[in-house]
Amino acid sequence: MGNFVLYFVFALPGMLLAMWAQNRLKSNFNKYSRVRTERNMTGREVARALLDYYGLHEVAIEHIPGHLTDHYDPRAKVLRLSDATYDSPSVAAAGVAAHEMGHALQDA
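Letter by letter, the sequence shown follows residues 299 to 406 in my numbering.
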């Protein structure tokens, strides 16, 4: 019983913090997904422009299903953008695409 209580004393704050952070992420993404980029660039276009700027021409960009399932696959050298990011010209999509491109840049 003592170990069970001790587990929750240490695990619960971390779980609550993770849930709070995930909620904030989704809330901010939804807020800024309604704000268009000044140049009307989609997440895919932002990612490609940044990849090309940094000379990462070999990194491919793929569309994947889902919401906020974006990721960079270092083994395949592929940046995968979700439905909410790939063709969206929003500030949120541009930010997510730039973030994922940063992982490709780190891998270079």
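Note that beta-carbon positions come from the ideal geometry of N, C-alpha and C, so glycine has one too.
Backbone CA spacing between residue i and residue j [nearest angstrom]
i    : j    : result
G364 : Y384 : 11 Å
L397 : I362 : Before going further, note that residue 397 is His rather than Leu in the sequence given. Each residue's Cα considered, the two are about 17 Å apart.
N321 : L310 : 16 Å
R334 : I359 : 21 Å
A345 : F308 : 39 Å
V376 : A316 : 27 Å
S380 : M399 : 14 Å
Selected residue, minimal CA-CA separation from residue i, among the options
i    : options                : result
A391 : Y330, H355, M317       : Y330
E336 : L403, M399, P387, N326 : P387
H355 : N301, L403, F306, V303 : L403
V389 : N328, Y351, M317       : N328
CB contact flag (residue i, residue j, <8 Å)
i    : j    : result
G341 : A395 : yes
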